[in-house]
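Engineer: Chains as they are written, first to last, in the UniProt record's numbering: chain A, 1 to 337; chain B, 1 to 337.
Quick reminder that beta carbons are idealized off the backbone N, C-alpha and C, glycines included.
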DNA sequence: TCGGTTTACTTAAGCGGTACAGTGATACGG
DNA sequence: CCGTATCACTGTACCGCTTAAGTAAACCGA
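1) Along the UniProt domain "HTH lacI-type" (8 to 61) of chain A, where does the CB come closer than 8 Å to a CB of chain B? Name the residues.
2) Any beta carbon of chain A sitting closer than 8 Å to that of residue 252/B?
3) Looking only at its chain, what residues have a beta carbon closer than 7 Å to the beta carbon of residue 51/B, apart from the 5 residues adjacent to it on each side?
4) Leaving out five residues before and five after residue 3/A in sequence, what residues of the same chain have Cβ atoms less than 8 Å from its Cβ?
5) Write down the C-beta distance between residue 118/B and residue 65/B rounded to the nearest angstrom, noting that I regard them as a contact closer than 8 Å.
6) From residue 86/A to residue 298/A, what distance separates their C-alpha atoms?
7) Quick check on residue 238/A: buried or exposed, where buried means 16 or more other Cβ atoms within 10 Å of its Cβ?
8) Take residue 161/B as the anchor and find which of 35/B, 170/B, 167/B, 151/B has the nearest alpha-carbon.
9) Enumerate in chain order the residues of its own chain whose CB-to-CB distance from residue 89/B is below 8 Å, with the five nearest sequence positions on each side excluded.
10) Let me make sure I understand the geometry here. Which of 296/A, 97/A, 282/A, 33/A has the alpha-carbon closest to that of residue 321/A?
11) Looking only at its own chain, which residues have a Cβ that is under 7 Å from the Cβ of residue 63/A, when we skip the five neighbours before and after it?
12) Output needed in chain order: residues of the segment 75 to 99 of chain A with a Cβ under 9 Å from some Cβ in chain B.
13) Would residue 337/B be called buried (16 or more neighbouring beta carbons within 10 Å of its own) or exposed?
14) So, do the segment 304 to 323 of chain B and the segment 285 to 296 of chain A have three or more beta carbon pairs nearer to each other than 8 Å?
15) Shorter than 8 Å from the beta carbon of residue 4/B to some beta carbon of chain A?
16) Would you call residue 113/B buried or exposed, if buried means 16 or more other Cβ atoms sit within 10 Å of its Cβ?
17) With burial defined as no fewer than 16 other Cβ atoms inside 10 Å of the residue's Cβ, what is the status of residue 262/A: buried or exposed?
18) Please list, in chain order, the chain A residues whose beta carbon lies closer than 9 Å to that of residue 238/B.
19) Is the beta carbon of residue 271/A less than 8 Å from the beta carbon of residue 253/A?
20) Determine the burial state of residue 249/B: buried for a count of at least 16 other Cβ atoms within 10 Å of its Cβ, exposed for fewer.
21) In the DSSP assignment, what residue or residues form a beta bridge with residue 273/B?
22) So, for residue 330/A: in the same chain, excluding its five sequence neighbours on each side, which residues have a beta-carbon less than 8 Å away from its beta-carbon?
23) Judging by CA-CA distance, which residue of 275/A, 126/A, 120/A, 153/A is the nearest neighbour of residue 99/A?
24) Could you name the residues of chain B that residue 127/A contacts, counting a contact when the two beta carbons are closer than 8 Å?
25) Rounded C-beta distance between residue 78/B and residue 323/B? I'm assuming under 8 Å.
26) Kindly list, in the order they appear in chain B, the residues whose Cβ is closer than 9 Å to that of residue 255/A.
27) By the criterion of Cβ-Cβ separation under 7 Å, what are the contact partners of residue 267/B in chain A?
28) Is residue 219/A near residue 212/A, with beta carbons less than 8 Å apart?
29) Could you please give me the residues that DSSP links to residue 242/B through a beta bridge?
30) State the DSSP-derived secondary structure class of residue 51/B, mapped to helix, strand or coil.
31) Using a Cβ-Cβ cutoff of less than 6 Å, which residues in the same chain neighbour residue 277/B once the five nearest sequence positions on both sides are dropped?
32) Below 6 Å CB to CB, which residues in the same chain sit around residue 148/B once its five sequence neighbours on both sides are set aside?
33) For residue 30/B, count neighbouring Cβ atoms within 10 angstroms of its own Cβ and tell me buried if that reaches 16, exposed if not.
34) Tell me the rounded alpha-carbon separation between residue 35/B and residue 15/B.
35) Determine the closest residue to residue 285/A out of 279/B, 274/B, 260/B, 305/B, with distance taken between C-alpha atoms.
36) At a CB-CB cut-off below 7 Å, which residues of chain A make contact with residue 278/B?
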């Protein structure tokens with residue numbers, strides 16, 4: 001019973017109103033036409049069941065209305081949440097997101113970035129796994145790029161929302177240090193294993209400053225996969241008294257490992273996460289984590305992206321400061337351990 | 001310095017090879033041309049830096065290469081995982097997904113579905129919140145629709161991957177019944193509150209059959225929001241001895257509530273989930289849940305969708321059978337409680 | 001009153017492919 | 001040896017919309 005109206009084209013609306021197709025196009029966009037004409041066109045369009053054809057529009061105008069979103073690894077729950085948020089925010093601004101996932105592989109990320117450009121997205125939002133890759137600069141020539149997390153040196157046609165990772169690392173390590181921990185395992189996502197990844201550098205620098213021994217161990221992001229790594233790390237002797245995970249998803253794996261080994265958190269081992277996924281507050285015990293204001297990141301990156309698409313020349317750089325949420329997964333080191 | 005090659009069009013490649021544009025188009029697609037021509041064209045295209053223009057192709061051919069994916073609520077982690085999986089699977093088949101989120105609102109879902117059609121996606125994969133809506137049939141006339149979860153009665157131009165929810169409900173309730181539970185709270189997503197939602201019907205039918213008292217309570221999907229609902233339900237007197245959650249995400253909220261109330265799981269209250277998100281196996285205690293073979297769902301829905309786009313007329317209906325994973329969050333009812 | 005700007009359009013040329021109706025040449029069956 | 005397929009293309013009209021350039025009328029200040 002829903003009325004089945006067939007699609008009309010602009011030309012048909014033009015015929016019906018006695019205007020030229022161009023006039024209709026203008027009227028529908030509310031430019032270069034009188035109020036009354038716009039109203040008349042709108043009515044006719046409604047009547048004929050006209051609906052805009054985004055593809056034709058894209059071809060003629062050179063903008064597709066799509067923004068590519070290239071995630072480092074969608075195995076990670078926090079990145080999932082970020083992607084969902086950005087997708088929504090873009091949609092709210094009349095844009096669609098194409099979400100792709102590099103699965104932690106920098107090469108793959110570059111490949112996908114190129115593919116997205118060939119797909120004629122209007123812009124690219126990316127969490128660069130390898131910020132130093134030359135391709136970013138090249139791509140930046142032909143479309144606006146907004147990076148999340150790290151800065152893209154050497155390019156220019158983009159904005160960036162960078163994380164003050166150093167501050168996050170410092171906060172977490174100082175917190176653990178203050179609780180008496182002097183031997184800390186650090187689980188970093190395998191995706192972050194690009195040489196000289198800033199995060200790793202910060203960990204080493206801070207550890208040295210604080211006089212803490214750190215075991216930096218790469219771990220997959222996939223839920224559960226981190227469990228095996230954690231089992232290994234927690235089985236070592238001497239056992240680290242705390243584990244600092246570079247993503248909450250990894251932390252969840254550590255929780256599973258402690259259960260399996262019969263270790264109490266934070267009694268036997270303290271656990272701290274990074275990113276503060278909503279899940280982390282619900283766990284037993286709630287996970288201490290470095291929080292990044294995901295809403296702000298979503299909002300900033302989309303705003304900068306849309307500004308860039310709309311031709312604002314000014315490059316924007318936004319720095320996110322973390323805040324450590326001290327919850328119940330971290331505690332004083334056990335005496336005698 | 002990466003070589004900056006400018007984009008060439010088909011017409012330019014045609015000029016360079018001395019062929020007509022049409023021939024080039026054919027050659028690039030490997031049809032209606034000789035092997036040698038194809039090779040020659042490919043080489044010239046490579047040389048000139050030709051790259052396909054999907055938008056132009058879409059306009060001319062009438063297929064956009066995009067599939068709309070309309071999720072019931074991306075607040076739910078399992079649905080997030082499903083969306084990620086479908087996005088990947090489509091990409092692997094040279095299609096892009098546009099992921100949209102109805103946020104649990106059936107009206108919104110219909111609006112988005114219409115919008116996606118107007119965006120000229122080649123097909124629509126949807127988790128219908130209101131399967132009985134007339135719009136599905138209407139949309140089904142103009143593009144292939146694959147539904148996940150529930151069947152779309154009254155339409156025809158689509159396939160479906162339906163869940164045997166009844167079996168899932170039965171398995172979970174029988175499990176709890178066998179453990180002695182006779183008073184069970186059932187938390188269903190608010191998104192499922194369409195009248196006569198099959199799941200609710202099943203719950204009531206099964207409860208009656210088994211002689212179990214059920215309190216069916218709607219709950220939001222958002223992590224944490226379910227905690228408040230759970231606090232309320234578990235604070236009632238008499239307290240249900242078990243909680244059956246219609247999604248694992250809700251279950252996570254229940255866990256948080258039990259911690260807050262100092263209730264032991266499963267000692268004081270048993271908890272069962274639905275969908276089996278990877279996270280559930282990692283919790284303490286691991287969450288008993290109804291598992292749906294997410295890989296299979298991803299694979300089936302994408303396969304059916306692509307079949308439909310490629311014009312296979314045969315409507316496909318695939319039924320998913322659940323399996324109950326009995327983990328450690330459910331146990332015998334405490335004597336005397 | 002007049003040149004100049006503004007407004008509200010029209011005209012027409014694409015955007016970059018695809019698809020369909022040819023076309024000439026070669027292959028083939030009887 | 002001829003009629004007819006088949007093959008490998010060509011020519012061109014679109015797909016539906018946008019945009020630059022052009023135009024006629026209305027407006028406007030001096």
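Structural biologist: With the structure as the only source:
1) 51, 52, 53, 54, 55, 56, 58, 59
2) Taking the second chain and counting its residues from 1, one reaches residue 252/B at position 252. Yes - at least one Cβ of chain A is within 8 Å of the one on residue 252/B.
3) Counting from one through the second chain, the residue named residue 51/B turns up at place 51. For residue 51/B, where only same-chain residues beyond five positions count, the Cβ hits under 7 Å are 7.
4) As a working mapping, residue 3/A is identified with position 3 in the first chain. Its pLDDT being 39, under 50, residue 3/A is placed unreliably in this model, and the coordinates cannot settle the point.
5) Here residue 118/B corresponds to residue number 118 of the second chain, with the count starting at 1. Here residue 65/B corresponds to residue number 65 of the second chain, with the count starting at 1. Beta-carbon to beta-carbon, residue 118/B and residue 65/B are separated by about 17 Å, too far to satisfy the 8 Å threshold.
6) Numbered from its first residue, the first chain carries residue 86/A at position 86. Numbered from its first residue, the first chain carries residue 298/A at position 298. When rounded, the distance between both Cα atoms is 5 Å.
7) Here residue 238/A is taken as the residue at index 238 of the first chain, counted from 1. Answer is exposed; the Cβ neighbour count stays below 16.
8) The residue you call residue 161/B lines up with position 161 of the second chain. Nearest option by C-alpha distance: 151/B.
9) Counting from 1 along the second chain, the entry for residue 89/B is found at position 89. Cβ neighbours of residue 89/B beyond the five flanking positions: 298, 299, 302.
10) As a first step, residue 321/A must be located in the first chain, where it is residue number 321. Among 296/A, 97/A, 282/A, 33/A, the Cα nearest to that of residue 321/A belongs to 296/A.
11) Taking the first chain and counting its residues from 1, one reaches residue 63/A at position 63. Within the same chain, residue 63/A has close Cβ partners 122.
12) 75, 77, 80, 81, 83, 84, 87, 88, 91, 96, 97, 98, 99
13) Numbered from 1 along the second chain, position 337 holds the residue referred to as residue 337/B. Because the pLDDT of residue 337/B is 48, which lies under 50, any placement of that residue in the model is unreliable, and the number read from its coordinates should be weighed accordingly. Exposed: under 16 other Cβ atoms inside 10 Å.
14) no
15) Stepping through the second chain from its first residue, residue 4/B is reached at position 4. With a pLDDT of only 43 at residue 4/B, under the threshold of 50, the placement of this residue in the model should not be trusted; the figure read from the coordinates follows. Yes - at least one Cβ of chain A is within 8 Å of the one on residue 4/B.
16) Here residue 113/B is taken as the residue at index 113 of the second chain, counted from 1. Classification of residue 113/B: buried, given that the 10 Å Cβ count is 16 or more.
17) On the first chain, residue 262/A is found 262 positions in, with the first residue counted as 1. Flag for residue 262/A reads exposed.
18) In the second chain, residue 238/B corresponds to position 238, counting from 1. By Cβ distance, chain A contributes nothing, its closest Cβ being about 25 Å from residue 238/B, past 9 Å.
19) Residue 271/A sits at position 271 when you count from the first residue of the first chain. Residue 253/A sits at position 253 when you count from the first residue of the first chain. It is not a contact, given that the beta carbons lie outside the stated cut-off.
20) Position 249 of the second chain holds residue 249/B. When all chains shown are included, residue 249/B counts as buried.
21) Within the second chain, residue 273/B is the residue found at index 273, counting from 1. In the DSSP output, where bridge partners are listed per residue, residue 273/B has 289/B.
22) Indexing the first chain from 1 puts residue 330/A at position 330. Excluding positions up to five away in sequence, the list reads 175, 176, 179, 242, 266, 270, 271, 272, 288.
23) Position 99 of the first chain, counted from the first residue, corresponds to residue 99/A. Out of 275/A, 126/A, 120/A, 153/A, 126/A has the C-alpha closest to the C-alpha of residue 99/A.
24) In the first chain, the residue the question calls residue 127/A occupies position 127. Per Cβ cutoff of 8 Å: no residues; residue 127/A is ~15 Å from chain B at best.
25) Position 78 of the second chain, counting from 1, holds the residue named residue 78/B. Position 323 of the second chain, counting from 1, holds the residue named residue 323/B. 15 Å between Cβ atoms; not a contact.
26) Residue mapping note: residue 255/A aligns to position 255 of the first chain, counting from 1. 282, 283, 284, listed in chain order.
27) The residue you call residue 267/B lines up with position 267 of the second chain. Near residue 267/B there are no residues of chain A at all, since even the closest Cβ is about 14 Å away, more than 7 Å.
28) Indexing the first chain from 1 puts residue 219/A at position 219. Indexing the first chain from 1 puts residue 212/A at position 212. Cβ distance not < 8 Å, so residue 219/A and residue 212/A don't count as in contact.
29) Taking the first residue of the second chain as 1, we reach residue 242/B at position 242. For residue 242/B, which the question treats as bridged, DSSP gives the partners 184/B, 270/B.
30) Start at 1 with the first residue of the second chain, and residue 51/B comes out as number 51. Coil.
31) For the purposes of this step, residue 277/B is taken as the residue at position 277 of the second chain. Residues 77, 78, 248 of the same chain have their beta carbon placed closer than 6 Å to that of residue 277/B, with the five preceding and five following residues left out of the count.
32) Indexing the second chain from 1 puts residue 148/B at position 148. Answer for residue 148/B: 127, 161, 301, listed in chain order.
33) Within the second chain, the letter at position 30 stands for residue 30/B. The residue in question, residue 30/B, is exposed, as its Cβ has fewer than 16 Cβ neighbours within 10 Å.
34) Sequence index remark: in the second chain, residue 35/B carries index 35 (1-based). Sequence index remark: in the second chain, residue 15/B carries index 15 (1-based). Roughly 19 Å between the two C-alpha positions.
35) As a first step, residue 285/A must be located in the first chain, where it is residue number 285. Measuring from the Cα of residue 285/A, the nearest candidate turns out to be 260/B.
36) For the purposes of this step, residue 278/B is taken as residue 278 along the second chain, with counting starting at 1. In chain order: 223, 224.
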